[in-house]
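Trainee: Residue numbers (my numbering): 37 to 275. I am attaching a structure below and will ask some questions about it afterwards.
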Ligand code: SAH
């Protein structure tokens, strides 16, 4: 199945934010505290900081968990999957941007669409792929509620080539693999960058992995490891 429709152009999500402003633990003030914490944790890119400040994370979690939405922890989103912790979302976005403007980015592992919404703030167009149908529907609803319009979602397996004629500046994989999914690099332009959690052994797929940056340089591929993280595994096939 191809990417779903979206409207063109970069759109701010503020329209949706206003609607949810000022409701106690989920207010803009709580989000401002989360952003302060991100700065303390070392996030420096102001474009990423503004995106984290703008996207209401509580919209992406179950109502019962909304009160915990701005804690720095992953939370369940159904189908055995999780929404990443704010620090990891900010860090991956910062590594992906590397201080540059991004026009088109590809995300593998949409989940509930939170990282997607953050990416929609820092890039002109976002393509995102999720293998679990119920999460595709959930992400679509969440992004629609926030009036995010520069995102296209595909129900598909993003562990290999997408069978689409798509070239992007950046790829972010939000599920852990033991090997760089090299087939995906075909979609990355030269000079572009991929960020993903990599495990060195199969056993670590359920444990700690390293955020890894892959740069597609004119003279080949460069790889560098960063923070220790814990993601759900990248799995083949549709569900
Ligand atoms: N980006 C999300 C995190 C989602 S968790 C956030 O903002 O919180 C990782 C997601 O990757 C899960 O929803 C899982 O179903 C999905 N996933 C795992 N393997 C995949 C694959 N091969 N193709 C597409 N999505 C995959």
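All C-beta atoms in this analysis are idealised placements derived from N, C-alpha and C, irrespective of residue type, glycine included.
Go ahead and pull the three-state DSSP assignment for residue 187.
Mentor: For the purposes of this step, residue 187 is taken as the residue at position 151 of the chain shown. Strand, per DSSP.
Trainee: Could you have a look at residue 268 and say whether DSSP puts it in helix, strand or coil?
Mentor: In the chain shown, residue 268 corresponds to position 232, counting from 1. Coil at residue 268, not helix or strand.
Trainee: Can you tell me which of 186, 68, 82, 114 puts its alpha carbon nearest to the alpha carbon of residue 27?
Mentor: This structure cannot settle anything about residue 27, because the visible part of the chain is limited to 37 through 275.
Trainee: Round the Cβ separation of residue 144 and residue 231 to the nearest angstrom and send it over; I've been treating them as touching at under 8 Å.
Mentor: For this step, residue 144 is matched to residue 108 along the chain shown. For this step, residue 231 is matched to residue 195 along the chain shown. Their Cβ separation, rounded to whole angstroms, is 11 Å, which puts residue 144 and residue 231 out of contact at 8 Å.
Trainee: Please state the DSSP three-state secondary structure of residue 126.
Mentor: Start at 1 with the first residue of the chain shown, and residue 126 comes out as number 90. Helix.
Trainee: Of the residues 140, 150, 257, 247, which one's Cα is nearest the Cα of residue 212?
Mentor: The residue given as residue 212 occupies position 176 in the chain shown. Ranking 140, 150, 257, 247 by Cα distance to residue 212 puts 247 first.
Trainee: Buried or exposed: residue 205, going by 16 or more other Cβ atoms within 10 Å of its Cβ?
Mentor: Residue mapping note: residue 205 aligns to position 169 of the chain shown, counting from 1. By the 10 Å Cβ count, residue 205 comes out buried.
Trainee: Does the beta-carbon of residue 274 have 16 or more other beta-carbons within 10 angstroms, so that it is buried, or is it exposed?
Mentor: Taking the chain shown and counting its residues from 1, the one referred to as residue 274 is at position 238. Residue 274 is exposed by the Cβ-count criterion.
Trainee: What would DSSP say about residue 57, mapped onto helix, strand or coil?
Mentor: Your numbering for residue 57 matches position 21 in the chain shown. Here residue 57 scores only 45 on pLDDT, less than 50, and its place in the model should not be relied on; the value that follows carries that caveat. Three-state result, residue 57: coil.
Trainee: For residue 168, collect the residues of the same chain with a Cβ closer than 6 Å to its Cβ; drop the 5 residues on either side in sequence, then sort them by chain order.
Mentor: Stepping through the chain shown from its first residue, residue 168 is reached at position 132. Answer for residue 168: 115, 275, listed in chain order.
Trainee: Suppose the cutoff is 8 Å on Cβ atoms and the five residues either side in sequence are ignored; what does the same chain contact list for residue 188 look like?
Mentor: Taking the chain shown and counting its residues from 1, one reaches residue 188 at position 152. Hits under 8 Å: 39, 40, 41, 42, 161, 162, 163, 164.
Trainee: Return yes when the C-beta of residue 272 is under 7 Å from any heavy atom of the ligand SAH, and no when it is not.
Mentor: Position 236 of the chain shown holds residue 272. Answer for residue 272: yes, Cβ within range of the ligand SAH.
Trainee: If you drop the 5 nearest sequence neighbours on each side, which residues of the same chain put their C-beta closer than 8 Å to that of residue 55?
Mentor: Against the chain shown, residue 55 aligns to sequence position 19. A caution first: residue 55 carries a pLDDT of 45, below 50, which makes its placement in the model too unreliable to give a value.
Trainee: What's the call for residue 57, buried or exposed, on a 16-neighbour Cβ count within 10 Å?
Mentor: Locating residue 57 in the chain shown gives position 21, counting from the first residue. At residue 57, the pLDDT of 45 sits below 50, so the modelled position is not reliable; the number obtained from the coordinates is stated separately. So residue 57 ends up on the exposed side.
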